[in-house]
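In this note's numbering, the protein residues as written are 74 to 427. Encoded as structure tokens, the structure appears first; notes follow it.
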């Protein structure tokens, strides 16, 4: 048996154990502790067991440690097979993916890997597999995700202008308030909750496709909800219909939840029951209407998604009362998570206006 390779002298067992406590790589931690045991004079076979390895593997890590110190105990990425596309071709591929396909010339409305195999062959004369395409897309920072819905008549420049000028818009709306009045930003929206319910993904064993309850009936109710992200609170009503009368009741409920001596600025979309002159604004509320066709400006849209994913989907409601109870329970769950409300609701463009 060959003689054991001595460890470098500029480290000690206490130093390696101290490094292991600050380390987040479990594999590096095991190797540091194994070498610390060697510094303590432990038999190398026993020291290797501490690191979950055999003696030969420990010898290899000793060589790496002697050469590079603790950094040498980190796994190094292998070179892998050479890439078939040049850097310029990879950037062109990224532009192709971001631009998306032309339905008339490419025959599809979204890129599939098999389509990109064909495009790469036609454009660069390079033949590759779908698995290679996956690697290239990952290297370019792409992932296979669901897109957000967008109204075909939406004007992105209007949305950007609203965010950019929000501070001025806010100042104009609250100009008549006494100086020093605390301002709370609220966001308001409505969601329809009913028997025609959604389904969300669940964990299941590979190769299976679990069945989830799906009601075919259409009875529903409306949840009027508003959140104040900065305070992590909200105000809601469950009502049978979404109309001006219901909106008036909700404004009054929001008014009750505004902090004493504060004034609430409530941002909401341009639904008819939001913009009608028949509404009477409570004295401690000012409304600002968001640009048309821009639901992404309203974080309550994300609140609905969170509530459906966690408490309302994959269920069947036998009666209208059961729907109401579920909506009330889901909102109560949300209110009990103020940090979640803040996390979902905070928007940099809105907060800079305060």
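All C-beta atoms in this analysis are idealised placements derived from N, C-alpha and C, irrespective of residue type, glycine included. Predicted model, so just to flag it, every value in this text is computed and none were measured.
Cβ-Cβ distance between residue i and residue j below 9 Å
i: residue 155; j: residue 89; result: no
i: residue 77; j: residue 117; result: yes
i: residue 430; j: residue 370; result: An answer regarding residue 430 cannot be provided, because it is not within the stretch 74 to 427 covered by the chain.
i: residue 170; j: residue 210; result: yes
i: residue 327; j: residue 340; result: no
i: residue 145; j: residue 132; result: no
i: residue 217; j: residue 338; result: no
i: residue 297; j: residue 322; result: yes
i: residue 125; j: residue 134; result: no
i: residue 269; j: residue 241; result: no
i: residue 178; j: residue 190; result: no
i: residue 158; j: residue 215; result: no
i: residue 311; j: residue 397; result: yes
Residues sharing a beta bridge with residue i, DSSP
i: residue 262; result: 298
i: residue 336; result: 256
i: residue 361; result: 340
i: residue 385; result: In DSSP, residue 385 forms no bridge with anything.
i: residue 311; result: 296
i: residue 306; result: 301
i: residue 267; result: 293
Per-residue burial, residue i [other beta carbons within 10 Å of its own, 16 or more giving buried]
i: residue 194; result: exposed
i: residue 225; result: exposed
i: residue 166; result: buried
i: residue 74; result: Any reading at residue 74 needs caution, since the residue's pLDDT is 48, under 50, leaving its predicted position unreliable; the model's value is listed next. Burial call: exposed.
i: residue 187; result: exposed
i: residue 263; result: buried
i: residue 213; result: exposed
i: residue 101; result: buried
i: residue 307; result: buried
i: residue 283; result: exposed
i: residue 381; result: buried
i: residue 244; result: exposed
i: residue 261; result: buried
i: residue 181; result: exposed
i: residue 248; result: exposed
Close Cβ partners of residue i (< 8 Å) along its chain, the five nearest in sequence each way excluded
i: residue 314; result: 295
i: residue 399; result: 266, 384, 385, 388 and 390
i: residue 363; result: 235, 340, 341, 342, 343, 370 and 371
i: residue 379; result: 407, 413 and 417
i: residue 80; result: 108, 111, 112, 135, 138 and 139
i: residue 207; result: 186
i: residue 255; result: 332, 334, 335 and 336
i: residue 288; result: 268, 269, 270, 389 and 390
Own chain partners of residue i with C-beta closer than 6 Å, once the 5 adjacent residues on each side are dropped
i: residue 105; result: 89, 92 and 93
i: residue 346; result: 316, 317 and 320
i: residue 349; result: 317
i: residue 83; result: none
i: residue 110; result: 120 and 123
i: residue 374; result: 368
i: residue 301; result: 257 and 259
i: residue 404; result: 309
i: residue 393; result: 292
Spatial neighbours of residue i in its chain, beta-carbon cut-off 7 Å, leaving aside the 5 residues before and after
i: residue 250; result: 336
i: residue 127; result: 121
i: residue 232; result: 364, 367 and 370
i: residue 168; result: none
i: residue 203; result: 186, 187 and 190
i: residue 161; result: none
For the 8 Å Cβ check, are there 3 or more pairs between the region 354-370 and the region 325-333?
-> yes
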